[in-house]
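Asks: Following this message is one structure expressed as structure tokens.
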Amino acid sequence: MWRSTGDLGRTSNAGPTLNEASPLVILLALNVVWSATLSIYKFLEPHLDPAGIVTLRFGLAGLSLLALWPWLPGDAPRGRDLAKTCFLGVLIFVVGHRLQVLGTHLGTASNSSVLMAVEPLIASVAAAIFLREHIGPRRMLGFLLGLIGVALLNGVWRDDFQWVSLGASAIFISSFICETALSVGGKPIIKRASPIKFVALSLLAGTAINLLLDGRRTLTAAAHLPAQAWVLLLVMALICTSFGYAFCSL
Numbered sequence: 092m093w094r095s096t097g098d099l100g101r102t103s104n105a106g107p108t109l110n111e112a113s114p115l116v117i118l119l120a121l122n123v124v125w126s127a128t129l130s131i132y133k134f135l136e137p138h139l140d141p142a143g144i145v146t147l148r149f150g151l152a153g154l155s156l157l158a159l160w161p162w163l164p165g166d167a168p169r170g171r172d173l174a175k176t177c178f179l180g181v182l183i184f185v186v187g188h189r190l191q192v193l194g195t196h197l198g199t200a201s202n203s204s205v206l207m208a209v210e211p212l213i214a215s216v217a218a219a220i221f222l223r224e225h226i227g228p229r230r231m232l233g234f235l236l237g238l239i240g241v242a243l244l245n246g247v248w249r250d251d252f253q254w255v256s257l258g259a260s261a262i263f264i265s266s267f268i269c270e271t272a273l274s275v276g277g278k279p280i281i282k283r284a285s286p287i288k289f290v291a292l293s294l295l296a297g298t299a300i301n302l303l304l305d306g307r308r309t310l311t312a313a314a315h316l317p318a319q320a321w322v323l324l325l326v327m328a329l330i331c332t333s334f335g336y337a338f339c340s341l
């Protein structure tokens with residue numbers, strides 16, 4: 092899930108104000124919902140393959156924003172920014188999330204939920220390298236502790252340790268590189284264009300490629316989905332993706 096690399100607000104010695112605290116509360120709530128998507132992936136496994144889950148989730152999200160397009164504020168990315176938007180959409184909504192669902196499929200939802208804590212640290216390091224944002228020693232220490240946590244989570248010291256378990260974690264973490272690319276690469280674009288339209292166009296670009304790759308197979312499987320699966324897909328599409336990504340882009 093895309094986290095903004097910028098500060099949500101300035102803090103003072105007196106502590107955050109109500110206006111500054113509100114976005115943080117929403118972000119915390121979104122992180123809870125985002126973590127739940129990993130369990131939803133497991134629930135959907137008997138009905139859809141990893142690629143199908145990604146195609147339906149982000150396809151529904153893209154369609155929801157397309158339906159709201161006339162009411163979305165601001166200008167859409169144009170020219171080179173539009174090309175970059177489409178590229179980033181394919182990178183995250185095709186490559187990145189297929190890796191994330193595959194990593195969860197090979198491992199467990201609980202392991203993946205713990206690994207989610209590494210993502211903001213990777214984004215911070217990338218922002219320091221590419222956007223020249225300051226990264227303090229505490230964040231760097233957190234990044235190192237996160238990597239150590241991956242090793243501890245997989246019990247690399249045990250006699251019965253299997254490299255396949257570490258492989259599932261590596262696949263899941265590799266998806267964060269794509270997420271970080273969206274955060275870092277998208278930041279200059281949303282300074283010149285509408286953040287929400289940037290998200291909408293990137294979703295539509297990713298959906299177009301997903302449908303080209305496995306649209307027929309996914310739509311065939313979708314025709315046999317139970318009602319509960321559709322409800323969970325809509326929660327991921329509308330709340331976790333359309334609202335969540337748009338909010339974090341602001």
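Quick note on numbering: the sequence shown equals residues 92 to 341 in our numbering. Virtual Cβ for every residue (Gly too), placed ideally from N, Cα, C.
DSSP three-state call for Arg-169: helix, strand or coil?
Replies: Note: Arg-169 maps to coil in three-state DSSP.
Asks: Going by beta-carbon coordinates alone, are Leu-295 and Gly-153 separated by less than 9 Å?
Replies: yes
Asks: Apart from the five residues on each side of it in sequence, which residues of its chain come closer than 7 Å, Cβ to Cβ, to Gly-187?
Replies: Ser-266, Cys-269, Glu-270
Asks: Between Phe-221 and the rest of its own chain, which residues show a CB-CB distance below 7 Å, the 5 nearest in sequence each way excluded?
Replies: In this prediction, Phe-221 scores a pLDDT of 49, lower than 50, which makes its location untrustworthy; the coordinate-derived value is nonetheless stated afterwards. The answer, listed in chain order, is Val-275.
Asks: According to DSSP, simplified to helix, strand and coil, what is Ser-333?
Replies: helix
Asks: Am I right that Ser-285 and Gly-180 are in contact with their C-beta atoms under 8 Å? What's the rounded C-beta distance?
Replies: Not quite, the Cβ-Cβ distance comes to about 15 Å (not below 8 Å), so this is no contact.
Asks: Go ahead and pull the three-state DSSP assignment for Glu-270.
Replies: helix
Asks: If you count every other CB in all the chains shown that lies within 10 Å of the CB of Leu-129, and 16 or more means buried, which is it?
Replies: Leu-129 counts as buried, since at least 16 other C-beta atoms from the protein chains shown sit within 10 angstroms of its C-beta.
Asks: Sorted by chain position, which residues of the same chain lie with C-beta nearer than 7 Å to Phe-289's C-beta, five sequence neighbours on each side aside?
Replies: Pro-168, Thr-176, Gly-277, Ile-280, Ile-281, Ser-340
Asks: So the alpha helix (DSSP H) Phe-149 belongs to, where does it begin and stop?
Replies: From DSSP, the alpha helix (DSSP H) with Phe-149 extends over 141-158.
Asks: When the Cα atoms are used, what is the spatial distance from Ala-120 to Ala-314?
Replies: 32 Å
Asks: Would you mind giving the Cβ-Cβ distance between Leu-190 and Ala-320, rounded to the nearest angstrom? I have them listed as a contact below 8 Å.
Replies: At roughly 22 Å, the Cβ-Cβ gap does not stay under 8 Å, so Leu-190 and Ala-320 are not in contact.
Asks: For Thr-311, which of Val-326, Leu-325, His-138 has the nearest alpha-carbon?
Replies: His-138
Asks: For my contact list, Thr-332 and Gly-143 are in at a C-beta cut-off of 8 Å; report their separation, rounded to the angstrom.
Replies: With 8 Å as the limit, Thr-332 and Gly-143 do not qualify as a contact, their Cβ atoms being about 16 Å apart.
Asks: Which residue wins for smallest C-alpha separation from Ile-183, given the options Gly-297, Leu-292, Leu-163?
Replies: Gly-297
Asks: Please report the straight-line C-alpha distance between Trp-162 and Tyr-132, rounded to a whole angstrom.
Replies: 32 Å
Asks: CB-CB under 8 Å to Leu-329, same chain, minus the five flanking residues each way: which ones, in chain order?
Replies: Leu-151, Ala-152, Ser-155
Asks: If distances are taken between C-alpha atoms only, which option among Phe-334, Leu-323, Gly-306 comes closest to Val-185?
Replies: Gly-306
Asks: So the candidates are Met-327, Leu-147, Leu-292, Phe-149; which of them puts its Cα closest to the Cα of Ala-174?
Replies: Out of Met-327, Leu-147, Leu-292, Phe-149, Leu-292 has the C-alpha closest to the C-alpha of Ala-174.
Asks: Assuming contact is defined by CB atoms lying nearer than 9 Å, are Leu-304 and Thr-146 in contact in what I supplied?
Replies: yes
Asks: Hey, could you find the ends of the alpha helix (DSSP H) Arg-308 is sitting in?
Replies: 286-313
Asks: Could you check which residue in Leu-325, Phe-178, Tyr-336 has the C-alpha nearest to that of Ala-299?
Replies: Phe-178
Asks: Sort Phe-334, Arg-171, Ala-337, Met-327 by Cα distance to Arg-283 and report the nearest one.
Replies: Arg-171
Asks: Relative to the C-alpha of Leu-193, which candidate in Ile-264, Ala-158, Phe-149 has its C-alpha closest?
Replies: Ile-264
Asks: Determine the contact status of Trp-125 and Gly-335, defining contact as a CB-CB distance below 9 Å.
Replies: yes
Asks: Residue range of the alpha helix (DSSP H) that Ala-318 falls in?
Replies: Unbroken alpha helix (DSSP H) run through Ala-318: 318-325.
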